[in-house]
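If you're matching positions, the sequence shown starts at 664 in my numbering and goes up one per residue. Here the structure comes first, spelled out in C-alpha cells, and everything after it is commentary.
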Amino acid sequence: MGLRRRVAVPLIIGALLVPSAVSAASNDPRFAQQWGLHRVGAEFAWTSATGGGVLIAVIDTGVDLNHEDLKSQLVPGTDFVSGDGDAQDEHGHGTLVAGVAAAATNNSKGIASVAPGAQILPVRAINQDGVGDPDHVRQAIDYSVGRAQELGRKLVINLSLDGLNDEDSDPRPIPLLLADPRVDTAIKNAAGAGAAVIIAAGNTGQATTSYDADRAGILVVGASDRNDGRWQFSSYGPGLDLVAPGVEVVSTWWSRDHGANIYGSASGTSISVPFVAGTASLLMSQGMSSAQALDRILKSAKDLGPPGRDDEHGWGLLDTAAALGVPRTQPTPIPTAPARNSGGSRPRTQATAPAPAAPVESPSPFAVPENLNPPPELAAEVAISPPEGRETTRAINYGSAFLLLLVAAGHILRRFAPGMIGLR
C-alpha cells in the first residue's frame, strides 16, 4: 500500500473488438471498412513502395502466430514474459497492432495494411493479463535491434505502451513507464542504431504525453477521429508529434473466446501508432534513414488546427500518400501479397510547417458491421492489479468508462456486434 509503481499499458482504451461484417469492396473482404487506411491514403502509396526489406518489431502482448492474415508476414520473435521463445499472443492487443501495420494484403482474407511488404517481428513483453515488467520492455527493444541486424533489415519499433501509477485513485501526476531510465535508454539507443521508434502518446486525454522525443528517429503519435479532430481521450501537449486514425479501426485480433482468424474494431492511441510505423517502413524501404523518413512524415502531414504545429495535433494528420509523394487522383492500386524471404538530435524547432495535403477522395465507402448490443461483461471488466512487491507493467481496462461514452453516442453502438472488450 502506498507504493508508487511504474506500469506499462497497451494503449487501446475502451477498445471495441467485434467480429466485423464482410464487405466485398476489394480482394480483402474488410477493405471497405478500413476508413483509417483510406484516410491516410495508404493504398495510393503502394504504387511507390510496400515496405520490403523492413522489419516492424511489435513489442506488445505477442502476435497471433497462426492468424490467416499475419502468419505469412512473421519472422520468428521471442517471449520475455515466459522466457520460452514463443511470442504467441494471449491477450489480443499485439495482434490488433500488427494487423494495421503489416497484415497480408490482396490475399482475399480479412484486411489490408499500411506496409504489406514489411515483415513483423513479434516480441512478447506483456503477459495475458496485460501485466509485465519495464525491464522486459527494455530487453525487448534491445533484442529487436539485434534481430534486425542479424537479418540485415532496417528496423521500425512499434511501442503502443504507456505507464500509469498502480494507485488508480491517485490524482497526482504519475511516473510514466517510458520515462523509466532503463526503457528510455533502450529507446534512445535503438534510435541511435538507426531504428525508427514510434510511441503512443497515451489515452489520458490530458496535456501530457507518455514520452517526449528529443532526438531524431523517434515520434510520439496521438489518435484522430473520423472528423480529423483529436480523439477526446488522446493525450496531447508539447511532446506530441502528429496524429493518426485511432477510432473504430478494423484490424486482426486474437481472443481465447472467439475462435481463430478473427477481426475486430478498436479505438486508442495504440491503434494509431502502427499507421505511422507502417508509413515509416514504406519510406525506409526506399532507402531513407529513420531520421529522414520521420522528418518526411512530419513535413507531409495534413495541418490541423492553427497553422503550423500545435499541441492538440502536433504537425497534423498522417498522410501516407503525401509522404511517398503519390497523388490521390490515380486509380486505387491493390498490391499482391508479397513473397517472403527467409529468415542523433532532433530539436522540434527544426521541423518545417507541414505541407498542404492533397484532397482526400475515399476510394470506397466505409462499411459498418451489423449491430447488436454490447455484451454485459464489458461493464464487469476491471483494472488488473500487479503482483505485490515488485515493479510491474499493466494493462488497465477502461471499458466501463467507454461504455458510458457509447451510451451517450448511441449511433456508435448500432455499428457493433457482440464481443466487445475494453482495453488500455
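Ideal Cβ positions, reconstructed from N, Cα and C, are used throughout, including at glycine.
Asked, Found
"The beta strand (DSSP E) enclosing Lys-817, as first and last residue numbers", "817-822"
"With 16 other Cβ atoms within 10 Å as the buried cut-off, status of Asn-866", "buried"
"Cβ pair count under 8 angstroms reaching 3, the region 957-975 against the region 927-936", "no"
"Local conformation of Ser-914 per DSSP, three classes", "strand"
"Top-ranked residue by Cα proximity to Arg-787, from Ser-735, Arg-893, Ser-745", "Ser-745"
"Counted within 10 angstroms of its Cβ, other Cβ atoms place Glu-813 as buried (16 or more) or exposed", "exposed"
"Proximity of Gly-725 and Gly-748 at Cβ, strictly below 8 angstroms", "no"
"Separation of Arg-801 from Asn-790, as counted between CA atoms", "15 angstroms"
"Nearest-angstrom Cα separation, counted from Phe-694 out to Thr-1015", "Model confidence at Thr-1015 stands at a pLDDT of 33, short of 50, so the residue's coordinates are unreliable and nothing is read from them."
"Check whether Val-912 and Gly-755 have beta carbons under 8 angstroms apart", "no"
"Alpha-carbon spacing of Val-883 relative to Gln-696, whole angstroms", "26 angstroms"
"Coarse secondary structure for Gly-704, derived from DSSP in three states", "coil"
"Segments assigned alpha helix (DSSP H), at least 4 residues, entirely inside the region 901-954", "932-947"
"Spatial neighbours of Tyr-806 in its chain, beta-carbon cut-off 7 angstroms, leaving aside the 5 residues before and after", "Thr-741, Val-786"
"7 angstroms Cβ shell around Ser-952 - same chain, five flanking residues per side excluded", "Gly-857"
"Nonlocal neighbours in the same chain, by C-beta distance under 6 angstroms from Ala-876, ignoring five residues either side", "Val-883"
"Asp-877 at chain C interface by Cβ criterion, 8 angstroms", "Going by chain labels, chain C is absent from the structure shown, which holds only one protein chain."
"Run of the beta strand (DSSP E) containing Gln-869, from where it starts to where it stops", "Unbroken run through Gln-869: none, as it is neither H nor E."
"Span separating the alpha-carbon of Gly-988 from that of Arg-845", "38 angstroms"
"Proximity of Gly-979 and Asp-966 at Cβ, strictly below 8 angstroms", "yes"
"Euclidean distance between Cα positions of Thr-848 and Val-703", "32 angstroms"
"Exposure of Pro-901, with buried meaning 16 or more beta-carbon neighbours within 10 Å", "exposed"
"Contacting residues, own chain, Cβ-Cβ under 8 angstroms from Gly-868 (five flanking each side not counted)", "Gln-895, Phe-896, Ser-897, Ser-898"
"Gly-793 vs Ile-774 beta-carbon contact at 8 angstroms", "no"
"Secondary structure of Gly-795, DSSP reduced to three states", "strand"
"Among Ser-887, Ile-861, Gly-968, Ala-765, nearest to Ile-639 - alpha-carbon criterion", "Past the boundaries of the shown model lies residue 639; the chain is included only from 664 to 1087, so the question cannot be answered."
"Close beta carbons around Lys-851, own chain, < 7 angstroms, minus the five adjacent residues each side", "Arg-878"
"Same chain, Cβ closer than 6 angstroms to Val-738, neighbours up to 5 away in sequence not counted", "Gln-782, Leu-784"
"C-beta contact flag for Lys-772 and Asp-891 at 8 angstroms", "no"
"Whether Ala-765 touches Gln-736 by CB criterion (8 angstroms)", "yes"
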